[in-house]
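*Asks:* Under the working numbering, think of the first position of the sequence shown as 15, with each following residue one higher.
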Amino acid sequence: YIFSEDELFDRLPETIFTLESFDAPLVRSTLGNIIASKMSSGADIVFSGEGGDEIFAGYNYFLEYNSQIQIQEGLLQAIGSLHNTALQRVDRSSNSHGVNVKLPMLDEELIDYALHIPPEYKLDYNTGLTKYILRNLAKRHLPHEIVWRPKDKFWEGSGINDSLENKIKGIITDSEFEKEKIIDERFTLRNKEELYYYKIFKNCYPGVEFNNFLSFTDNFN
């Protein structure tokens, strides 16, 4: 399925309403999930790989940790935040189109097993590849170029990021961003893209004020 830039922008209100958030990284990824869910609406069950990065150290920032203890603590933190990030995104986007998504990577026994695997089996510092043990398993079934490609965020691999960011930079002026970026003393919008999403969020939920229970992704880029 090939989507257009116009479709991305047309689906932003639906995406932000469904997600109930204006967190830019989550909006980008949820937009892709919304489109994928629409295309999968005829399927009874769809399997998703969510959780693989959290239990097998798939994120690039794990390579910056200096000890096994740091890596293990990072894995536990990533797993513990899933309900406010990836799972929130997948659950809401799929349910909005009646798609039943199964998450085999988050089977309780698999999580327990993966957390007992030493971190050095999950990261290859020589090549800079993450999720190394999972890649070695996948090479039995998938083409080489898929198994060993570098980690990309969902919105990067789908091309969503450039389309959104570049167009929004031309919509929100520098002065407008500086004037409106501070919501209150607890939160400041991080860039023009997030301000654009916040304006849509306020239209979707006109009576809702910013609350500190909203979760925001730490790694924006």
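All C-beta atoms in this analysis are idealised placements derived from N, C-alpha and C, irrespective of residue type, glycine included.
Just so we're clear, the structure is a prediction, and the values are computed from it rather than from any experiment.
Could you check the C-alpha separation between aspartate 188 and leucine 26 for me, to the nearest Å?
*Replies:* 22 Å
*Asks:* As a quick exercise: from Asp67, Leu129, Glu194, pick the residue whose alpha carbon is nearest that of threonine 99.
*Replies:* Asp67
*Asks:* Regarding isoleucine 85 and the ligand FMN, is the C-beta to nearest heavy atom distance less than 8 Å?
*Replies:* Questions concerning the ligand FMN fall outside what the structure shown contains, since it holds no ligand whatsoever.
*Asks:* Could you tell me whether the Cβ of methionine 53 comes closer than 9 Å to any Cβ of chain C?
*Replies:* In the structure shown, chain C cannot be found, because there is only a single protein chain.
*Asks:* Which residues bound the beta strand (DSSP E) around lysine 206?
*Replies:* Run containing lysine 206: none in the beta strand (DSSP E); it sits in the alpha helix (DSSP H), 206-218.
*Asks:* Identify every run of the beta strand (DSSP E) within the stretch 86-172, keeping only runs that are complete inside it and at least 3 residues long; order them along the chain.
*Replies:* 114-116
*Asks:* Can you list, in chain order, the stretches of the beta strand (DSSP E) that have 3 or more residues and sit fully within the stretch 16-75?
*Replies:* 59-61
*Asks:* Tell me whether the stretch 170-185 and the stretch 92-110 touch, counting them as touching only if at least three CB pairs, one residue from each stretch, are closer than 8 Å.
*Replies:* no
*Asks:* Let's see if you can read the secondary structure: which residues bound the beta strand (DSSP E) around isoleucine 196?
*Replies:* Note, isoleucine 196: beta strand (DSSP E), 196-198.
*Asks:* Can the beta-carbon of cysteine 218 be found closer than 9 Å to that of isoleucine 30?
*Replies:* Contact: yes.
*Asks:* For arginine 200, is the classification buried or exposed, using 16 other Cβ atoms within 10 angstroms of its Cβ as the cut-off for buried?
*Replies:* exposed
*Asks:* Could you spell out where the alpha helix (DSSP H) holding serine 177 opens and where it closes?
*Replies:* 174-183
*Asks:* Leaving out five residues on either side along the sequence, give the residues of the same chain with a beta carbon under 6 Å from the beta carbon of asparagine 140.
*Replies:* none
*Asks:* Under 8 Å Cβ to Cβ from leucine 96, same chain only, skipping five residues before and after it: list those, please.
*Replies:* Glu64, Gly65, Glu68, Leu120
*Asks:* Given glutamine 86, which residues of its chain have a CB within under 7 Å of its CB, disregarding the five upstream and five downstream residues?
*Replies:* Contacts found: Pro133.
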